[in-house]
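From first to last, the protein sequence lines are chains X and F. In terms of our numbering, the first sequence has 44 at position 44, counting the first letter as 1, and numbering is strictly consecutive. Here our numbering runs 417 ahead of the position in the second sequence, where the first position is 1. Glycine residues also receive a C-beta, built at the ideal position from the N, C-alpha and C atoms. Just so we're clear, the structure is a prediction, and the values are computed from it rather than from any experiment.
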Amino acid sequence: MRTRLGIARYLIVSVLIASGAIFVCSHDASLQAGETNIYKTLDIISDVITIIQRDYIEKLSSEKLIQDALRGMLASLDSYSHYIPPPEPKGTPAGGVPVQDLGTYGLEVAYKNKLLTVVAPIENGPAWKSGLKSGDIILKIGEESVEERPFAELVHQFRGSASKELLLQVARRGERDFLNLTITPAKIEGPAARSEMLREKVGLLRVTRFDPQTAPRVADCLKNLKAAGANGLVIDVRDCPAGDTAAAIAVAELLLPHGELIATLRGRTEGGSKEFRSQSKPIIERGPFVVLINGGTSGAAEVLAGAFHGGKKGMLMGQKSFGCAFEEGSFNLSDGSMIKMITAVYETPDGQEIQDEGLDPDIEVPIPALPPETAEEKKAEKKKVKEKKEEKPADPMVQRAIDLIKGIRIISPKEKA
Amino acid sequence: MTVRTLNRVVAVCASLGAWYLLVAVIPFPSPAVDTQLKKDLDFFVSGMDLIQRNYYREVKGSELAYGALKGMCAGLDPHSQFMDEEIYKEMKIETEGAFGGLGIEITIRDQFLTVVSPIEDTPAFKAGVRAGDRIIEIEGKSTKDLSLVEAVRKLRGPAGTVVHITVMRAGTGELLPFAMTRAHIQIQSIKDAKIVRDGIGYVRMTQFQERTGRDLEKALQELKKKGMRALILDLRNNPGGLLQIAIEIADKFIGGEKLLVYTKGRIRTQNIEFKSPGKAAFPDCLMVVLVNKGSASGSEIVAGAVQDWGRGIILGSTTFGKGSVQSVLPLPDGSALRLTTAKYFTPKGRCIQKIGIEPDIAVEMTDEEEIQLLVKRRLEKMVSDNPGGKDMEEEKEELKKLSDVTDVHLERAVDLLQGLLAYRGSSSGSGTDKLHAKKGTTRRLNAL
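Shown next as structure tokens:
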């Protein structure tokens, strides 16, 4: 009985709506051929709007419904693409800050398993100094719970040149209690990269962020390492979030021979795809190269690491990278609202998409399991670390990388020559 | 078994039933040309076209449309929802309370898919599946990474089809393969119908499904045969269900063409009065309705009607307060809309949205007490479903620990009814006619 009534009722709606579809058909000439499906799709949309406007307990304008529809449509694509409604007469102008700009807090956040997660804080940046770590799960911003709020809205709180202190409640693996951290915003300064000669004549290049200062700084570092006789290089881009992909390309050019493919930007529009090849003479061209990556390696750092993907030019070591390397496009709609979406994604020279997938390391080094600790044990541990501060503990991953470089030198003497 | 795992089972059960259905024929407005809608649709098309042309990978129009519909309904209220085909199917199964399957309740315990209990007279029960059995494989595939929902989906299917599972028996560790033919399984929404003390019957109702009215009638007739003179109707943690069924149930006790509930929407066609069709099946047995903050929508309609007509005593704690009615509107592609179309009001015109029904006799139970009670009930059922089972030691041990846990609401209700039965017994000794002539308390009692 119920079903039959429902169908009868529906048929009438369909009849009513058919005229709408015809209207749209004659009106919108920009639709491409082969898109006949769009009429069917539109039928459902306009049916539902009609039903909501007629039956819903409150009266709603079709304008609001369409805005919510656009919001839902973009949210269904991925967690970065979003809709920005037209500006309120008095409010801030529509726009927003590009995803790559980590602003004055210096951290990248993303949804992982439906939880708002810290991809990584920039080393020595404000978030890093507050004690925030890669993998922390953000529960509250100020007093507000982050649940059920759209990512685009949340992410704005972390971007741009804010001057307010940011209070975060986070959950951390291995910690029984939630942590309350305060991030004091500041301009991110200090060198974007540093270098060091390790044992066995292996050079270490640590890049902490990708911005316009990065490539010149890396060039200096590489010159120093070359002068010191580096024979093999460890490039450490662990916990290096988002950033400027142009800087990553520029850094790759310092390491790869002229003409070598660094990355491909792949979009669907004409002219939306682009190949990036090295256009200058590298400072250090000969490896072996080992690139250290982990779950906090994201965006520009992944583009750089991706240039060495596939094992021909170097090896990736560590843990799977985060999987976020795209270009965002902004589109204005006629009512002043805006669509922001992923228009192109980066691929490694051997054709692997980085977005969502992340880069798999050639040599996986698992994260050491955390032993269950009591509060007292932890205190004792902290004390120990403090006492030992003078002699820096060896980074096991760097040690493994040095071993690998040494091993490669031994088994391939030709390459050495 | 820990309190936490049981808790999760309870949570899953509760979250599935929280919808509401109203069917009303609504005449359509004349197909006037809505120019605003056309303009807005045009705008929508421009946005959709933009995405299809510029997004980095190809997306189907239908995918985008579903995203748009979800977004549109997400902007309404928490009870309105766009249901894709799969969710709509699940909803229909829930409302009908019947599906093709094996007849086992399952949960995930210690990371294993575990049988909570086989339902009597179902394929699983007949094949010898037991409470505590761990389901290791379904159709030859490991269940290791299956979620509870995915497992349920794999086990359900049309009646008559065969499903192969391998279980590991708790205690012995034996691996036992089963091949079972799926049958039509009925989810029972009427539970624990029994006489709890001399002449006092008890019935627990977990949902308002299509068959709930008939099943309640049957259970009550049975109890009547066993000498029931007073009834405790337990609507605690009952999240609601079908509006018609809530009305059918209120009618069983009230009758007499009395108003049971009415709805009011934005448009006049949504304003409907629901009256008792005639003679009630159980018009005069003494009655206590148990409610708590988990009693919502349909439960609140029944409790509200009983309270407003003074037909029974509401005992427990204040109910949830869901005063809106949703309609389900199927769309031609197999999806459907669930839309809040009206608010409902008790016979005396109370809107209970966010307020709930206040019990006549307030008896508070803490969350901890309620959870322990649910755990105890579940354990008792597992032990009684599996008599003499060696593997039930752990459960029996847990039960012992919970021996002090009592159902405070139920005890208060039993005591009250016992008192009222005694009172009615002594007054009715002087004859029914006389009782009617009296005013005040006796009249109130008659109404009970």
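- Query: Is there a Cβ from chain F that is less than 8 Å from the Cβ of valine 237 of chain X?
  - Reply: no
- What did DSSP end up calling aspartate 615 of chain F once you bin it into helix, strand or coil? coil
- Which residues, in chain order, does the stretch 503–537 of chain F contribute to contact with chain X at a C-beta distance below 7 Å? none
- Message: In whole angstroms, give me the CA-to-CA distance for threonine 524 of chain F and glycine 729 of chain F.
- Response: 37 Å
- Does the separation of the CB atoms of alanine 548 of chain F and threonine 560 of chain F fall below 8 Å? no
- Message: So, at 7 Å on beta carbons, what are the nonlocal neighbours of lysine 608 of chain F in its own chain, with the 5 sequence-adjacent residues on each side left out?
- Response: Arg621, Thr623
- Query: Residues of chain C with CB under 8 Å from tyrosine 56 of chain X, in chain order?
  - Reply: Looking for chain C here will not work: the only protein chains present are X and F.
- Item | Helix, strand or coil at proline 747 of chain F according to DSSP, with G and I counted as helix | strand
- Thinking glycine 267 of chain X and tyrosine 473 of chain F are a contact (beta carbons under 8 Å), I'd like their distance in whole angstroms, please. 6 Å
- Message: In chain order, what are the residue ranges of uninterrupted alpha helix (DSSP H) at least 4 long that sit wholly in the stretch 459–518 of chain F?
- Response: 478–491, 502–513
- Query: Measuring CB to CB, does alanine 301 of chain X end up less than 8 Å from valine 237 of chain X?
  - Reply: yes
- Message: Measuring straight from C-alpha to C-alpha, what distance separates serine 130 of chain X and leucine 181 of chain X?
- Response: 6 Å
- If you draw a straight line from the C-alpha of serine 116 of chain X to the C-alpha of isoleucine 183 of chain X, how long is it? It should be noted that the sequence gives leucine, not serine, for residue 116 of chain X. So the alpha carbons of these two residues sit roughly 17 Å apart.
- Tell me the start and end of each unbroken alpha helix (DSSP H) in the stretch 300–360 of chain X that is at least 4 residues and wholly inside, in chain order. 300–306
- Item | Close beta carbons around glutamine 626 of chain F, own chain, < 8 Å, minus the five adjacent residues each side | Glu511, Thr512, Glu513, Gly514, Ile604, Ser606, Gly658, Leu659, Ile662
- If we count the other Cβ atoms within 10 Å of its Cβ and call it buried at 16 or more, is phenylalanine 178 of chain X buried or exposed? exposed
- So, is the C-beta of glycine 271 of chain X closer than 8 Å to a C-beta in chain F? no
- Task: Sort out for me which residues DSSP pairs tyrosine 111 of chain X with in a bridge.
- Result: X:Leu116
- chain F contacts made by the stretch 160–191 of chain X, where a contact means CB separation under 8 Å: none
- Query: So, is the C-beta of alanine 75 of chain X closer than 8 Å to a C-beta in chain F?
  - Reply: yes
- Item | 6 Å CB neighbourhood of aspartate 360 of chain X in its chain, flanking five on each side removed | Lys320
- Task: Report the neighbours of asparagine 688 of chain F on chain X: residues whose CB is nearer than 8 Å to its CB, in chain order.
- Result: Under the 8 Å cutoff, chain X gives no residues; its nearest Cβ is about 12 Å from asparagine 688 of chain F.
- Do you know offhand how far alanine 854 of chain F's Cα is from leucine 650 of chain F's? In this prediction, alanine 854 of chain F has a pLDDT of 34, which is less than 50 and means its spatial position is unreliable; nothing more can be read from the coordinates.
- Query: If you draw a straight line from the C-alpha of serine 280 of chain X to the C-alpha of alanine 307 of chain X, how long is it?
  - Reply: 15 Å
- Closest by CA to leucine 833 of chain F, which one among F:Leu648, F:Glu502, F:Gly727? F:Leu648
- Task: Tell me, please, whether the CB atom of glycine 96 of chain X is closer than 8 Å to any CB atom in chain F?
- Result: Note on glycine 96 of chain X: pLDDT 47, under 50, position unreliable in the model; the coordinate value appears next. Output row for glycine 96 of chain X: interface = no.
- Do you know offhand how far threonine 578 of chain F's Cα is from threonine 598 of chain F's? 6 Å
- Query: Can you name, in chain order, every residue of its own chain whose Cβ lies under 8 Å from the Cβ of asparagine 471 of chain F, other than the five neighbours on each side?
  - Reply: none
- asparagine 180 of chain X, enclosing beta strand (DSSP E) - first and last residue: 179–183
- Can you pull the chain X residues whose beta carbon is under 7 Å from the beta carbon of alanine 482 of chain F, in chain order? Thr41, Ile44, Ile45
- Message: Rounding to the nearest angstrom, what Cα-Cα distance links glycine 695 of chain F and lysine 669 of chain F in this structure?
- Response: 10 Å
- Item | Supposed contact pair proline 185 of chain X and tyrosine 105 of chain X - C-beta distance, whole angstroms, cut 8 Å | 6 Å
- Closer than 9 Å, Cβ to any Cβ of chain F: which residues of the stretch 330–354 of chain X, in chain order? Phe331, Leu333, Ser334, Asp335, Ser337, Ile339, Met341, Ile342, Thr343, Ala344, Val345
- Determine the DSSP secondary structure at alanine 193 of chain X, reduced to helix, strand or coil. strand
- Which stretch, first to last residue, makes up the beta strand (DSSP E) that contains glutamate 690 of chain F? 689–692
- C-alpha gap between arginine 829 of chain F and threonine 686 of chain F, whole angstroms: 43 Å
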